[in-house]
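So the structure is just underneath, and the comments pick up after that.
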Amino acid sequence: MLVSKALTTYAVAQSSIPDLEEGSLDNKISLMLTEALVTVLRTQNADGSWGENSSFEETSYAVLAIKHLTTFPFAYNFEFEICRALDRSFEIFNRRHTEWYSPANLWGGKSPYSSPLLSQAYFMSALGQAAWLKPTNMRRFGRLSLSKSSEKLSKLAYALPLLQNVEPWQVKSCLLQGDLFAKMVKANIPRIFPRENMRKETYLDLVPFTWATSRQFEALRLRNQELLDMMVLAVTIYQVDEFMEATVIRLDNYNMRKLDDMFDGLCSEQVSVLTDEHIAMNELSEKNLMAIIDILRQYVYFILQHPSVKNARSSLQRQLRSDIKRFLRSHMRQVKDNRLLRANKMEEVESVHGSVFSWIRNTSSDHTGGPFAMTYYLCLIEGRSDPPQPISTEGLYVAQMVSQHLAALCRTYNDWGSRSRDMAEFNVNSLNFEDIRSGSEALNDITGNGAFLNQQKVTTSAAGYAEPERRLLFIAEFERRCMLNSLRELKGIVSPEVYVAVKLFCDVTDIYGQIYVVKDMTPRLTVTAQT
Numbered sequence: 000m001l002v003s004k005a006l007t008t009y010a011v012a013q014s015s016i017p018d019l020e021e022g023s024l025d026n027k028i029s030l031m032l033t034e035a036l037v038t039v040l041r042t043q044n045a046d047g048s049w050g051e052n053s054s055f056e057e058t059s060y061a062v063l064a065i066k067h068l069t070t071f072p073f074a075y076n077f078e079f080e081i082c083r084a085l086d087r088s089f090e091i092f093n094r095r096h097t098e099w100y101s102p103a104n105l106w107g108g109k110s111p112y113s114s115p116l117l118s119q120a121y122f123m124s125a126l127g128q129a130a131w132l133k134p135t136n137m138r139r140f141g142r143l144s145l146s147k148s149s150e151k152l153s154k155l156a157y158a159l160p161l162l163q164n165v166e167p168w169q170v171k172s173c174l175l176q177g178d179l180f181a182k183m184v185k186a187n188i189p190r191i192f193p194r195e196n197m198r199k200e201t202y203l204d205l206v207p208f209t210w211a212t213s214r215q216f217e218a219l220r221l222r223n224q225e226l227l228d229m230m231v232l233a234v235t236i237y238q239v240d241e242f243m244e245a246t247v248i249r250l251d252n253y254n255m256r257k258l259d260d261m262f263d264g265l266c267s268e269q270v271s272v273l274t275d276e277h278i279a280m281n282e283l284s285e286k287n288l289m290a291i292i293d294i295l296r297q298y299v300y301f302i303l304q305h306p307s308v309k310n311a312r313s314s315l316q317r318q319l320r321s322d323i324k325r326f327l328r329s330h331m332r333q334v335k336d337n338r339l340l341r342a343n344k345m346e347e348v349e350s351v352h353g354s355v356f357s358w359i360r361n362t363s364s365d366h367t368g369g370p371f372a373m374t375y376y377l378c379l380i381e382g383r384s385d386p387p388q389p390i391s392t393e394g395l396y397v398a399q400m401v402s403q404h405l406a407a408l409c410r411t412y413n414d415w416g417s418r419s420r421d422m423a424e425f426n427v428n429s430l431n432f433e434d435i436r437s438g439s440e441a442l443n444d445i446t447g448n449g450a451f452l453n454q455q456k457v458t459t460s461a462a463g464y465a466e467p468e469r470r471l472l473f474i475a476e477f478e479r480r481c482m483l484n485s486l487r488e489l490k491g492i493v494s495p496e497v498y499v500a501v502k503l504f505c506d507v508t509d510i511y512g513q514i515y516v517v518k519d520m521t522p523r524l525t526v527t528a529q530t
């Protein structure tokens, strides 16, 4: 109630200043206002009251909070829910009038105490203050409606298993918060990777939506700054993937080996940006190895110089450097494998990796960025306080095991959902491996690049999927069970805050897997990579 009143007072004051430009603080306040309203609406008790004890006074606080927040036009997105919540609360007031003069011990001093006078004052204010008095100049705070991008995402959102039993207004609240986070993400993305001739950045809307959605279902809330940091990291992981596919793939074999040899130095403790005048992005030639190294150095420096990362324990920072190196090398390996696939040499790819098990558990899992992102996330959690609050060694080990299973789960779902795009772009996919394809009548009926199944003619399983696809989905669900078992182990050995943070990471990543099954969200390359 007090936060809602304070933010409303500030917003009214800001809106009264003529010609005041919108600032970054406006987005943060808009997000807090939206969160406050959604939280109050979601936490109303079944009988129309609020609070663990369904107290009369706490219900008055909630009603006042809602009425403060209806000052803003964005509240119209939840008009029906607000009216219903207020109606139910007034029924409580009428039904339980005998409590008006017997307040609970809610006020804090040396010991909890109550104040009949204050309780009555809040009750009278809750009854008397009008709702829906909206100054016309308050539109800069909160979104009146969904952005066009979120409108498109909404169709996908309602198809996700995670949201199947969620009320539509709560799904809309996730999309609205995703819009607000998206504006902050765009303002915080480091300008490292070249953007000319790149695919449309659909992930700039998708990433905020996934994080905003997942955190709605956790009792403990992470700080918005940590969520924002993870959203920015997720966007840069997409950009690394684009950079590798559009630029690094153009290096010849000699320069590819040289770049691979330099990863140790790029990810060392002494990594730094060597000059303030980096090679201009528009000067990045197709085979300019030094320009590529300079860009990757900037990226690694950006990751390692985050204040919370620098405040985490040294062993966790070492793990992060190792994970970044594995992440970058997996992209190099993927580039080489894709070249072999394009040359119809899938047997050489299988010779390098041995089996689909080795492929999924190593190169393809690292390629998702999941293990690297989890370690970065753990650094943020551990290093956010001063002095840092270390996570136990056992907790770190199990959390990173969770991320390994999660990365394999995400990659197998990704491969299932993007199989058509991978076929068109000659990207090695789990479905290319003989382990997955063997025993199927489709072995002698493959098309295009000599590795993918012809989905129109292949024998299908009872579930309606081709047999190789059925095997891939089995692997995905096996990895899910392993992940859930590891997550249960984690709950008993870390603090509730750390557990909820790791679980949130899992929920976000799982949404990506669900999205790829519903619809492949990765845009096609605009320029076909050259051999």
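Numbered per numbering that gives the first Met the number 0, the sequence shown spans residues 0 to 530.
Just so you know, even glycine gets a beta-carbon here, dropped at the ideal spot from N, CA and C.
These numbers come from a predicted model, not from an experiment.
What residue does the alpha helix (DSSP H) around residue 482 start on, and which one ends it? Here the alpha helix (DSSP H) through residue 482 covers 466-490.
Under three-state DSSP, which class holds residue 280? Low per-residue confidence applies at residue 280: pLDDT is 43, beneath 50, and the placement is therefore not dependable enough to give any value.
How many Å lie between residue 430 and residue 359 at the Cα? 11 Å
Can at least three beta-carbon pairs, one atom from the stretch 405-414 and one from the stretch 375-385, be found at a separation below 8 Å? Because the criterion of three Cβ pairs below 8 Å is not met, the stretch 405-414 and the stretch 375-385 do not touch.
Cβ shell of residue 503 (< 7 Å), same chain only, five flanking positions each side left out: Result list for residue 503: 213, 214, 217 and 221, in chain order.
Check whether the stretch 463-483 and the stretch 394-404 are in contact - that is, three or more C-beta pairs closer than 8 Å. Because the criterion of three Cβ pairs below 8 Å is met, the stretch 463-483 and the stretch 394-404 touch.
Ordered along the chain, which non-local residues of its own chain (more than five positions away) have a Cβ less than 7 Å from that of residue 557? With the chain covering 0 to 530 only, the question about residue 557 has no answer from this structure.
Distance check for residue 335 and residue 251, CA to CA, integer angstroms please. 10 Å
Kindly indicate which residue of 258, 238 and 174 has the alpha-carbon position closest to the one of residue 211. Closest in C-alpha terms to residue 211, from the list 258, 238 and 174, comes 174.
So for residue 529, helix, strand or coil by DSSP? Residue confidence for residue 529 is low, a pLDDT of 39 falling below 50, so the modelled location carries little weight and cannot support an answer.
Burial state of residue 391 (16 or more Cβ within 10 Å): When all chains shown are included, residue 391 counts as exposed.
Own chain partners of residue 168 with C-beta closer than 7 Å, once the 5 adjacent residues on each side are dropped: So the qualifying residues of the chain are 77 and 80.
Put residue 157 into one of helix, strand or coil per three-state DSSP. Residue 157: coil per DSSP, three-state reduction.
In this structure, does DSSP put residue 358 in helix, strand or coil? helix
With 16 as the cutoff for other CB atoms within 10 Å, does residue 435 come out buried or exposed? buried
Assign residue 239 to one of two classes, buried (16 or more other C-beta atoms within 10 Å of its C-beta) or exposed (fewer than that). Buried.
Specify, as a first and last residue, the run of the alpha helix (DSSP H) that residue 102 falls within. Where residue 102 is concerned, there is no enclosing alpha helix (DSSP H), given that its DSSP letter is neither H nor E.
Taking Cβ to Cβ, would you say residue 114 is nearer than 8 Å to residue 102? Their beta carbons are under 8 Å apart, which means residue 114 touches residue 102 by this criterion.
Ordered along the chain, which non-local residues of its own chain (more than five positions away) have a Cβ less than 6 Å from that of residue 125? 59, 62 and 63
Are the stretch 223-232 and the stretch 176-188 touching by the rule of at least three beta carbon pairs closer than 8 Å? yes
For residue 394 and residue 234, believed in contact at Cβ under 8 Å, the rounded distance: In fact, because the Cβ distance is near 28 Å, the residues do not count as touching under 8 Å.
Do residue 29 and residue 140 have their beta-carbon atoms positioned less than 8 Å apart in this structure? yes
Exposed or buried, which one is residue 467 when buried takes at least 16 other CB atoms within 10 Å? buried
Do you know offhand how far residue 155's Cα is from residue 118's? 46 Å
One question on the structure: do residue 51 and residue 176 come within less than 8 Å of each other, judged by their Cβ atoms? no
Distance between beta carbons of residue 295 and residue 265, contact taken as under 8 Å: Their Cβ separation, rounded to whole angstroms, is 6 Å, which keeps residue 265 and residue 295 in contact under 8 Å.
Residues near residue 365 by beta carbon distance below 6 Å, same chain, minus five either side: Within the same chain, residue 365 has close Cβ partners 325, 326 and 329.
Per DSSP, the bridge partner or partners of residue 112: Partner(s): 106.
Measuring alpha carbon to alpha carbon, tell me which residue in 314, 261 and 301 is nearest residue 292. 261
Determine the DSSP secondary structure at residue 49, reduced to helix, strand or coil. coil
Would you kindly report the start and end of the unbroken alpha helix (DSSP H) that includes residue 369? It spans 369-382 - the alpha helix (DSSP H) in which residue 369 sits, taken as one unbroken run.
Would you grab the beta carbon distance between residue 398 and residue 489 for me? Rounded to a whole angstrom, and I think it's under 8 Å. 6 Å
Burial state of residue 353 (16 or more Cβ within 10 Å): exposed
CA-to-CA distance, residue 426 to residue 201, given in whole angstroms: 20 Å
Write down the C-beta distance between residue 32 and residue 68 rounded to the nearest angstrom, noting that I regard them as a contact closer than 8 Å. 6 Å
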